[in-house]
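J.: Going down the list, the sequences are from chains S and A.
Read in order, the letters of the first sequence are residues 0 to 224 in numbering that gives the first Met the number 0.
Read in order, the letters of the second sequence are residues 0 to 224 in numbering that gives the first Met the number 0.
Ideal Cβ positions, reconstructed from N, Cα and C, are used throughout, including at glycine.
Protein chains: 2
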Amino acid sequence: MVERKIITAREEESLDIEVGKDLIKMNDRLAAQNLEILNKHGVIAVDVMGSVGAGKTALIESMVDRLKGRKRVAMIAGDVTTTIDADRVARHGVPSIQINTGKECHLDANMIRKAITELDLKALDLIFIENVGNLICPADYALGCQRRLVVVSVTEGEWMIVKHPLIFKSANVVAINKLDLATAMGLNVDKLAEDARTINPRILVARTSVKNGQGIDELLAHLGL
Amino acid sequence: MVERKIITAREEESLDIEVGKDLIKMNDRLAAQNLEILNKHGVIAVDVMGSVGAGKTALIESMVDRLKGRKRVAMIAGDVTTTIDADRVARHGVPSIQINTGKECHLDANMIRKAITELDLKALDLIFIENVGNLICPADYALGCQRRLVVVSVTEGEWMIVKHPLIFKSANVVAINKLDLATAMGLNVDKLAEDARTINPRILVARTSVKNGQGIDELLAHLGL
Numbered sequence: 000m001v002e003r004k005i006i007t008a009r010e011e012e013s014l015d016i017e018v019g020k021d022l023i024k025m026n027d028r029l030a031a032q033n034l035e036i037l038n039k040h041g042v043i044a045v046d047v048m049g050s051v052g053a054g055k056t057a058l059i060e061s062m063v064d065r066l067k068g069r070k071r072v073a074m075i076a077g078d079v080t081t082t083i084d085a086d087r088v089a090r091h092g093v094p095s096i097q098i099n100t101g102k103e104c105h106l107d108a109n110m111i112r113k114a115i116t117e118l119d120l121k122a123l124d125l126i127f128i129e130n131v132g133n134l135i136c137p138a139d140y141a142l143g144c145q146r147r148l149v150v151v152s153v154t155e156g157e158w159m160i161v162k163h164p165l166i167f168k169s170a171n172v173v174a175i176n177k178l179d180l181a182t183a184m185g186l187n188v189d190k191l192a193e194d195a196r197t198i199n200p201r202i203l204v205a206r207t208s209v210k211n212g213q214g215i216d217e218l219l220a221h222l223g224l
Numbered sequence: 000m001v002e003r004k005i006i007t008a009r010e011e012e013s014l015d016i017e018v019g020k021d022l023i024k025m026n027d028r029l030a031a032q033n034l035e036i037l038n039k040h041g042v043i044a045v046d047v048m049g050s051v052g053a054g055k056t057a058l059i060e061s062m063v064d065r066l067k068g069r070k071r072v073a074m075i076a077g078d079v080t081t082t083i084d085a086d087r088v089a090r091h092g093v094p095s096i097q098i099n100t101g102k103e104c105h106l107d108a109n110m111i112r113k114a115i116t117e118l119d120l121k122a123l124d125l126i127f128i129e130n131v132g133n134l135i136c137p138a139d140y141a142l143g144c145q146r147r148l149v150v151v152s153v154t155e156g157e158w159m160i161v162k163h164p165l166i167f168k169s170a171n172v173v174a175i176n177k178l179d180l181a182t183a184m185g186l187n188v189d190k191l192a193e194d195a196r197t198i199n200p201r202i203l204v205a206r207t208s209v210k211n212g213q214g215i216d217e218l219l220a221h222l223g224l
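(1) Does the beta carbon of residue 144 of chain S sit closer than 7 Å to a beta carbon anywhere in chain A?
(2) How big is the Cα-Cα spacing for residue 184 of chain S and residue 32 of chain S?
(3) For the ligand SAH, is there any heavy atom lying closer than 6 Å to the beta carbon of residue 169 of chain S?
(4) Rounded to whole angstroms, what is the Cα-Cα separation between residue 25 of chain S and residue 148 of chain A?
(5) Under three-state DSSP, which class holds residue 162 of chain S?
(6) List the residues of chain A that residue 225 of chain S touches, going by C-beta distances under 8 Å, in chain order.
(7) In whole angstroms, what separates the C-alpha of residue 180 of chain S from that of residue 154 of chain S?
(8) Of all the options A:189, A:165, A:208, which has the alpha carbon lying nearest to the alpha carbon of residue 199 of chain A?
(9) Taking the straight line between their C-alpha atoms, what separation do you get for residue 197 of chain A and residue 40 of chain S?
(10) For a contact meaning CB atoms closer than 8 Å, what does residue 202 of chain S contact in chain A?
(11) What do you get for residue 122 of chain A, buried or exposed, if any count of 16 or more other CB atoms within 10 angstroms of its CB means buried?
(12) Tell me whether residue 82 of chain A sits in a helix, a strand or coil according to DSSP, three-state version.
(13) Does the segment 67-74 of chain S come into contact with the segment 48-55 of chain S, if we say contact requires no fewer than three beta-carbon pairs (one atom in each stretch) closer than 8 Å?
(14) Is residue 144 of chain A near residue 104 of chain A, with beta carbons less than 7 Å apart?
(15) How far does the beta strand (DSSP E) with residue 46 of chain S in it extend, from its first residue to its last?
(16) DSSP three-state call for residue 97 of chain S: helix, strand or coil?
(17) Among the candidates A:81, A:201, A:204, A:186, whose CA atom is the shortest distance from the CA of residue 101 of chain A?
(18) Does residue 50 of chain A come within less than 7 Å of chain S when only Cβ atoms are used?
(19) I'd like to know whether the C-beta atoms of residue 209 of chain S and residue 173 of chain S end up nearer to each other than 7 Å.
(20) By the criterion of Cβ-Cβ separation under 9 Å, what are the contact partners of residue 60 of chain A in chain S?
(21) Can you check which of these residues, S:201, S:188, S:131, S:146, is closest to residue 38 of chain S by C-alpha distance?
(22) So, helix, strand or coil for residue 87 of chain S, using DSSP?
(23) Can you tell me which of the three DSSP states residue 215 of chain A falls into?
Here it is as structure tokens:
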């Protein structure tokens, strides 16, 4: 009996991937147009990616509070089905748009086009876009943001970065979040930071905890905000 | 300026979803054939789904240890890129097959067909299939397993179940894992169990901790193992 075996799904076998390539090209064109629209209005958009429960919404709330009076902020939240995240951020007094993707595991440039059309861009400096919660699908779909942030939590185990190279390659900044739990989780945070830099030598690493406020200013600095 | 808005991605707009429907039909046919092959050999397969870091691999290791001498077990592990999970389970002395999906965020019935062709089904009673780590994509793709288990961790926040109704609708059992951390996380586990049963009244709930062994026997009983 076979004891160890590796099977790799080949691209040429997958109809899914063939069609996917065309969709991604179309998406890239729309994303470039979104970027142009945002730049024309001097609005910075941040694509906030990460697994369910990594703390994306809590980090956005925390950044929104610190930027109060300095930046005019809006939020766009993507989720398969609920409005929980947009509701949370709206409570901080910023305009918020919820995009329900149905079955899609990522936001795309077309959804963002619709959302920014609803916003008064002249009255804004910054948009946080919370992507759908997982570390795989959002990697391929540019939204037209000037910055891409990946949020990982120390509760996700030691492999969450090495298992998802694509999303870290496409990001400018990674926040290693829930830092207050790192000791309880027995996790080596330096090793996680090193994993991210091995995949993407230009990535900036912030170590954050929404609970005690650690690293939020560093994160904002890394994002140029 | 608009303060709150909800945008829903409509199915008819999405090429992705149109093609997706055909793929899912094709996948369903293959899954039905897989089920037939497994049943013919008297092999039970368990599709183990859940986010990255929920503890899928650790739970499988724990179940494999308890079933030693009672069941002849193999493992199939899906991951976008690494062999970390299959390597871990292989150390427990069970045959293991790694499927690297490339960019795909889920296993599919065709990948499983290849994997079960590599295994000597006559020499097996049980196959644990660890799906790719996220709560969205695997929901739609039947693999031909007799059981579907979703693993969630108490570190994933209080919304991870209500945000992902589809995967809980398709599952027989949910394991609420890392129970030893529930108090530290300030999480109401009864509420999570209730959320799962609201979405799927027939779902069986196990409360598990690999660290202290709690609930593993209950989980095996729920899976009929």
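T.: Taking the definition as stated:
(1) no
(2) 43 Å
(3) Inclusion of the ligand SAH in the displayed structure is not the case, the ligand content being empty and no account of it being possible.
(4) 36 Å
(5) In this structure, residue 162 of chain S counts as coil in the three-state DSSP scheme.
(6) Any question about residue 225 of chain S goes unanswered here, given that chain S covers just 0 to 224.
(7) Taking C-alpha positions only, residue 180 of chain S is separated from residue 154 of chain S by approximately 7 Å.
(8) Among A:189, A:165, A:208, the Cα nearest to that of residue 199 of chain A belongs to A:165.
(9) Rounded to whole angstroms, residue 197 of chain A to residue 40 of chain S spans 45 Å at the Cα level.
(10) Residues of chain A passing the Cβ test: none, with the nearest at roughly 18 Å.
(11) exposed
(12) For residue 82 of chain A, the secondary structure class from DSSP, reduced to helix, strand or coil, is coil.
(13) no
(14) no
(15) 43-49
(16) strand
(17) Comparing Cα-Cα distances from residue 101 of chain A to each of A:81, A:201, A:204, A:186, the minimum goes to A:81.
(18) Taking CB atoms only, residue 50 of chain A has a neighbour in chain S less than 7 Å away.
(19) no
(20) Ordered by position in chain S, no residue passes the 9 Å Cβ test against residue 60 of chain A, which lies about 13 Å from the chain.
(21) Distances from the CA of residue 38 of chain S to each of S:201, S:188, S:131, S:146 were compared; the closest alpha carbon is that of S:146.
(22) helix
(23) helix
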